[in-house]
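Structure first, commentary second.
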Amino acid sequence: MTPSGTETTAGTETSPPTAPAAELAAASPVVRRPAPWHLGVLLAVLLGGAYLARRHWPALESGAGRLAGADQGWMLLGAIAALGTWAASALAQQGAVVRRLPRARLVAAQFAASAANHLLPAGLGAGAVNVRFLMRCGLPAARSAGALAVKAATGAVVRLALIALLVPACPGLLRLPRLSLSATVLACALGAALLLTVLLVTPWWPRCRRALATVLADIRALHACPARAAALWGGSLAFAALHSLVLVAVGQAVGLPLPPLQVALLYLAASSAAALLPTPGGLGSLDAALALALTVAGAPGAAAASAVLGYRLLTVWLPLVPGLLVLGVMVRRKAL
């Protein structure tokens, strides 16, 4: 340990408290431990994924064999698209803040965040890395958290817009459950009652209202700058499109008998559904949702398993160790 107060662990400094350190301490709730119910749901999802993997092991084994003989040109295209996802994420993150961020460190932070996101549930890893990075760039804790909220909300809107755009081009692929009029009225009544309870009863609503007002103010400020608005929406659109392209390219490489537009729509729908489950990086939940969606759409089980395994190989397993190394280097250099 050097006497100059070098960081020894993430977020721990030996130097006297300074303004950035105080802001970092104020942001500590972002990386707090998940609640016990959160861990229980995570364990249940992982156990369910292990059970399904054991039950369908022959299809997984056949899919891995097919992936080994996949078309190398399509796999290379998928790898290039996977590399582009981090640049797209960096562009969207820059668009979520008015202040200009250092480009190289911003891209490196997104690469490190994607690795950290597969170690902690529900996006806590990526959120913690991005909050620390933005604070190191001089943003207050509240503004850093607000920038993440703006980016996440924009990404959700973009995914829903892409789904709405692709559904007419793939009729009958996505089937929404049919609800009776009474069930619809009951669901709306329950939703309204829940909203009123949150607004009138819960003691933390004033704090949430202040946070929401801050986020809305940030959104107005960003859209007052056309360059930032274009970066936010363009980066979010490119991120979703490139992830879809990775799955499309892997599907073509393993001979998945589905049109590219259908594969893209199935990916967007499955990833949106898997985001509701608190598994690290969607591991288990996204894999099961993707495999199920591809199989229901008419793909053979072995081909669907190959496509999902190849997608995970390019987006998770190959970049995981380099991403963790980049994360360690950025922590050591106090960029996080």
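In terms of the working numbering, the sequence shown has 284 at position 284, counting the first letter as 1, and numbering is strictly consecutive. Quick reminder that beta carbons are idealized off the backbone N, C-alpha and C, glycines included.
Residue interval of the alpha helix (DSSP H) (run including residue i)
i: Thr154; result: 141–166
i: Asn130; result: 124–136
i: Asp287; result: 285–296
i: Arg100; result: Element bounds for Arg100: n/a, residue is neither H nor E.
Reduced DSSP secondary structure (H/G/I, E/B, other) of residue i
i: His223; result: helix
i: His243; result: helix
i: Gly251; result: helix
i: Pro260; result: helix
i: Leu173; result: coil
i: Ala81; result: helix
i: Val316; result: helix
i: Leu325; result: helix
i: Asp71; result: coil
i: Arg228; result: helix
i: Leu119; result: coil
i: Arg333; result: coil
i: Gly106; result: According to the sequence shown, residue 106 is Leu rather than Gly. Reduced to three states, the DSSP call for Leu106 is helix.
i: Ala275; result: coil
i: Ala87; result: helix
Contacts around residue i, its chain only, beta-carbon distance under 7 Å, and the 5 residues preceding and following it disregarded
i: Leu307; result: For the sequence presented, residue 307 should be read as Ala rather than Leu. Excluding sequence neighbours, Ala307 sits near Leu247, Val250, Gly251, Val254, Leu256, Leu294.
i: Leu67; result: Val254, Ser306, Leu309, Gly310
Cutoff 8 Å; reference residue i; Cβ partners in own chain excluding five residues on either side
i: Pro319; result: Ala82, Phe111, Ser114, Ala115
i: Arg136; result: Pro20, Lys334, Ala335, Leu336
i: Pro300; result: Pro257
i: Ala90; result: Arg103, Leu106, Val107, Ala109, Gln110, Gly235
i: Leu166; result: Leu261, Ala264, Leu265, Leu268
i: Ala70; result: Val250, Ala253, Val254, Ser306, Gly310
Nearest-angstrom Cβ-Cβ length linking residue i and residue j, presumed shorter than 8 Å
i: Pro173; j: Gln262; result: Checking the displayed sequence, the identity of residue 173 turns out to be Leu instead of Pro. Yes, they are in contact, since the Cβ atoms of Leu173 and Gln262 sit about 6 Å apart, within 8 Å.
i: Arg99; j: Leu139; result: 7 Å
i: Ala217; j: Gln94; result: Not a contact, Cβ separation roughly 19 Å.
i: Trp74; j: Val107; result: With a Cβ gap of about 25 Å, Trp74 and Val107 do not count as contacting.
i: Ser144; j: Leu160; result: Between Leu160 and Ser144 the Cβ distance is about 25 Å, and since that is not below 8 Å, they are no contact.
i: Thr214; j: Gly155; result: At roughly 19 Å, the Cβ-Cβ gap does not stay under 8 Å, so Thr214 and Gly155 are not in contact.
i: Ala240; j: Val157; result: That belief does not hold up - the Cβ atoms of Ala240 and Val157 are roughly 10 Å apart, past 8 Å.
i: Gly78; j: Leu314; result: 5 Å
Residue i vs residue j beta-carbon contact at 8 Å
i: Val150; j: Ile80; result: no
i: Cys170; j: Leu265; result: yes
i: Leu222; j: Ala302; result: no
i: Leu162; j: Leu268; result: yes
i: Val129; j: Ala109; result: yes
i: Ala238; j: Ala88; result: yes
i: Gly84; j: Leu276; result: no
Close Cβ partners of residue i (< 6 Å) along its chain, the five nearest in sequence each way excluded
i: Trp233; result: none
i: Ala274; result: Gly282, Ser285, Leu286, Ala289
i: Leu101; result: Gln94, Cys137
i: Pro29; result: Only weak support exists for where Pro29 lies, its pLDDT of 41 falling under 50; the value from the coordinates is given anyway. Excluding sequence neighbours, Pro29 sits near nothing in its chain.
i: Gly328; result: none
Closer than 8 Å to chain C by CB, residue i
i: Leu160; result: The displayed structure is made up of one protein chain only, and chain C is not part of it.
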